[in-house]
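I have placed the structure first, in the form of structure tokens, so that the comments after it can refer back to it.
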Amino acid sequence: MNDAVVLDELRFSANVGLDCWARLLPQPVSLNIRLVTDLTRAASSDSLPHTVHYGELAESILESAKTKHYSSPYALVKEVSENVYSKSVTHSNVTLTLPKALLHGTLKLHKYTDGAMTLEIADIFCNTVIGVYPFERLRRQSVVVSVILKSLAYEHADHSQIADSVFELVESSEFQTVEALAEHIADSLQPLPLAAGVQVSVRKPSAVAQADCAGVSVLRPNTLVNSHFERHTAYLALGSNLGNRFENIKRALDTLKSPDIAKLLDNTLTSGEINVTQVSALYETKPMYYLDQPTFVNGVARIETTFTPQELLKVLKIVESNVLSRVKTIRNGPRTVDLDILLYDGAKIDIPPEQGDLIVPHQRMLERLFVLCPLLDLCPNGRHPVEGGLYSAYAAQLKATSTDPPPNKALGLSDGRVLSLGHKTYIMAILNATPDSFSDGGALEVGNLREKVQQYIEIAGDALIVDVGGQSTHPKSTQISAEEESGRVVPVIKALREAFPELPISVDTYYGAVAKDALEAGADIVNDVSGGTIDVSILDVVAAAGCPYVLMHMRGTPQTMKDHVDYDDVVETIGKELEEKIKNAEASGIYRYNIILDPGYGFAKTGEQSLELIRRHQELEARPGLQGVAGWLSGPSRKGFIGSVTGKTVASERDFGTGAAVTSSIEKGFDIVRVHAVDAMTDVVKVADSLYR
24 MNDAVVLDEL RFSANVGLDC WARLLPQPVS LNIRLVTDLT RAASSDSLPH
74 TVHYGELAES ILESAKTKHY SSPYALVKEV SENVYSKSVT HSNVTLTLPK
124 ALLHGTLKLH KYTDGAMTLE IADIFCNTVI GVYPFERLRR QSVVVSVILK
174 SLAYEHADHS QIADSVFELV ESSEFQTVEA LAEHIADSLQ PLPLAAGVQV
224 SVRKPSAVAQ ADCAGVSVLR PNTLVNSHFE RHTAYLALGS NLGNRFENIK
274 RALDTLKSPD IAKLLDNTLT SGEINVTQVS ALYETKPMYY LDQPTFVNGV
324 ARIETTFTPQ ELLKVLKIVE SNVLSRVKTI RNGPRTVDLD ILLYDGAKID
374 IPPEQGDLIV PHQRMLERLF VLCPLLDLCP NGRHPVEGGL YSAYAAQLKA
424 TSTDPPPNKA LGLSDGRVLS LGHKTYIMAI LNATPDSFSD GGALEVGNLR
474 EKVQQYIEIA GDALIVDVGG QSTHPKSTQI SAEEESGRVV PVIKALREAF
524 PELPISVDTY YGAVAKDALE AGADIVNDVS GGTIDVSILD VVAAAGCPYV
574 LMHMRGTPQT MKDHVDYDDV VETIGKELEE KIKNAEASGI YRYNIILDPG
624 YGFAKTGEQS LELIRRHQEL EARPGLQGVA GWLSGPSRKG FIGSVTGKTV
674 ASERDFGTGA AVTSSIEKGF DIVRVHAVDA MTDVVKVADS LYR
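Under the numbering used here, the sequence shown has 602 at position 579, and the numbering climbs by one with no breaks.
Written as structure tokens, this is what we have:
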């Protein structure tokens, strides 16, 4: 059907909300109406009863405008659209134009029979630097921008804010092409509430001398208006400063990724899911804004979700209040857990308070190092989707102007104890509970070990970690069972925990059962030379405990590793293999903030390969796939490659060479060194820390 009754440019004044100066005064408006209807009968009868009487239609609109005060232009166009509908009208298109509603541009609203409304802001005149030729970039030139927001229900769109934001964005931009500028504008507009698509045109009046204008038009669907089968990427800020802060964050993350998250949290959300794809390292940070409160632990999680931004916000608030029992007393005050949406699909979202009160990107993210530092773990080369700057540049600026030291990475131990990384090197003392040093687990031997640890504490102080091992990893050793290994290490760990409640204790094992027994006995850390490849159950044990996990690179087993030393490029290959091990750990539920990486010197590496790994460690550490881990452990102590360099065939005579490797490790940025000679290496660490930290 192509027949239609039209009413073009019906001009009048109406009270339709705020004008361009935010005043409640009548504004000039014009209406264009197109009504699709069958005119055959009216034409054949040559009479009005069988058609739409456009005179009566115009009169009714004008009379209503004289007496009514519409809450917004949307209310007026909606009323007109409803009033023109009749059985004879199969389709309608009502366009309301407000030439004086905006400081920048002309507002147009298009309402269709199916209920859809489109918002158009036409002819936003701007001046900006744009052009590919050098002469074009010497002066600002005029561009004319128009935007069309194809919407499902746009009664709440702030057209003035939209126009102003486009004007400011264009005026501050310096693109070379109109294509890039149009795309940038479209990206900034896509996340507006219920906008189904965005069309942007950018025209340059001075581009072609013989033409009025030249430019481009782009149409982009809004990725936010999708079904729950489509997935979105969001970044969440995590924070806690009450109770066991690390446990609080783990509980929040575990709850968010629960398969029944929608049903568990709110009966109104019957579908939707969250997949936690990666979590940054956790950082200890001083409080901002309200200073009289405990130190925070902060991080950032990257998630994939089928929830809309409003639904996701609702889920986060329910986790805060119902699962973690957060009670909000004062703004920016203490909390068991704080969960905020930082980014959502790179979109700009501004949802008013009555609809959920959500602004994305988070308004204060660029002024907070406790957000930027963990965010850089996840996207080291990332840019702010609206401001356009690199996150690394914003972080560098904050560090340069702050009088406080930057946030430091932290490891959470049992009972809420913390290892604060970055400002000093931790000394992991090797404590062997093997037959050579610990015969049968009797009281005398345990007492001797306890006395030795007391000496270590007096030497190394709060930089000490004790690593208890019950199985030799020497290539010529015989592998023992998990039961036998537990029988060796558990009595030692229990005795040490009873004697030294604050001492960080690690268990050196690749068995899941031993790790579980050791953690229950009081160990804080699991140190696995296999990185989860000999007994994969160890990954599940660590994930359930939420404890720090030293993930070492090794190929094969201690008995077969010498047969697996072929590498095209030792740093590149080991980097890739460590990345795969991290993925396996994360798939089992271990969060990256609990992972400490160990290159595994001497394990499936020749002496020269181990030396090359130390020399090129910063290259290894800088790999994007290895970002966000808690830290790095270096274990060169008395290894064969040191003997090869020094000519020392007896392992206990390699401590001077170990000292050189430890010094180099600290210079390269390692956080923990695993050593035998605690007294000598403590001096080495103190001097190296003074030089390099």
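Cβ atoms here follow ideal geometry from the backbone N, Cα and C, with glycine treated the same way.
Excluding the 5 residues flanking it on each side, F693 has same chain C-beta neighbours closer than 6 Å at W655 and S657, in chain order. Cβ contact annotation for L519 (same chain, cutoff 8 Å, sequence separation greater than five): L472, R473, V476, V489, V491, L526, I528 and G545, in chain order. Rounded to the nearest angstrom, the gap between the Cα atoms of S688 and L562 is 27 Å. Here A304 has D400, K432, Y616, G651 and A653 as same chain residues with Cβ atoms under 6 Å from its own Cβ, once five neighbours each way along the sequence are excluded. A distance of 8 Å or more separates the beta carbons of D547 and S443.
Across the structure, T583 and E296 are spaced so that their CA atoms are roughly 43 Å apart. In the DSSP assignment, R325 falls outside any alpha helix (DSSP H) and within the unbroken beta strand (DSSP E) covering F319 to T328. In this structure, L132 sits away from A124, with a CB-CB distance that is not shorter than 8 Å.
Counting along the chain, G625 sits inside no alpha helix (DSSP H), nor does DSSP assign it H or E at all.
Minimum Cα-Cα distance from L336 among the listed residues S94, G322 and A260 corresponds to A260.
Given a length threshold of 3 residues, each whole run of the beta strand (DSSP E) inside the stretch 591-621 is given here in chain order: 618-621. The alpha-carbon of I153 is positioned some 25 Å away from that of N404.
With respect to the C-alpha of S633, the residue from N150, P282, I450 and Y624 having the closest C-alpha is Y624. The shortest CA-to-CA distance from A505 to any of V537, H76, A522 and Y479 is the one to V537.
In the DSSP assignment, L519 forms no beta bridge with any residue. Contact annotation: the stretch 94-102 touches the stretch 39-48, with at least three C-beta pairs closer than 8 Å.
Look at the beta carbons and you see the stretch 585-600 touching the stretch 642-649: at least three pairs across the two are nearer than 8 Å. Just so you know, the alpha carbons of G220 and Y135 end up roughly 16 Å apart. Residues of the same chain with a CB within less than 7 Å of the CB of D31, apart from the 5 flanking positions on each side, are N55 in chain order. Sequence-distant partners of T669 (beyond 5 residues in either direction) whose C-beta falls short of 7 Å from its own C-beta, in its chain, are R677 and G680. Contact between L204 and V189 does not hold, since the beta-carbon distance rounds to 11 Å and is not under 8 Å. One alpha carbon belongs to V573, the other to E609, and they sit about 13 Å apart.
DSSP lists V29 and N116 as the bridge partner or partners of R57. By alpha-carbon distance to V75, the top candidate from D26, G554, Q222 and S229 is D26. In this chain, the alpha helix (DSSP H) harbouring R638 covers G630 to R638. In this structure, A541 is the residue among V170, A522 and A541 with its C-alpha nearest to the C-alpha of E507.
In the DSSP annotation of this structure, the continuous segment of the alpha helix (DSSP H) that includes T681 starts and ends at D678 to K691. When the five nearest sequence neighbours on each side are left out, the beta carbons in the same chain lying within less than 8 Å of the beta carbon of Q184 are those of D373, in order along the chain. Per DSSP, L276 lies in no beta strand (DSSP E) segment; the continuous alpha helix (DSSP H) that holds it begins and ends at R268 to L279. For D363, the enclosing beta strand (DSSP E) stretches over residues D361 to Y367. Judged by beta-carbon spacing, G262 lies within the 8 Å limit of N321, meaning their Cβ atoms are closer than that value.
Between V167 and the set F158, E159 and S229, the nearest pair of CA atoms involves S229.
Distance check between R511 and each of I695, Q494, T686 and A237 places Q494 closest, using alpha-carbon atoms only. Residue state for M584 is assigned as helix, using DSSP reduced to three classes. Between V707 and G682 the beta-carbon gap is near 4 Å, inside 8 Å, which marks them as a contact.
By the C-beta density criterion, K499 is exposed, having fewer than 16 other C-beta atoms within 10 angstroms.
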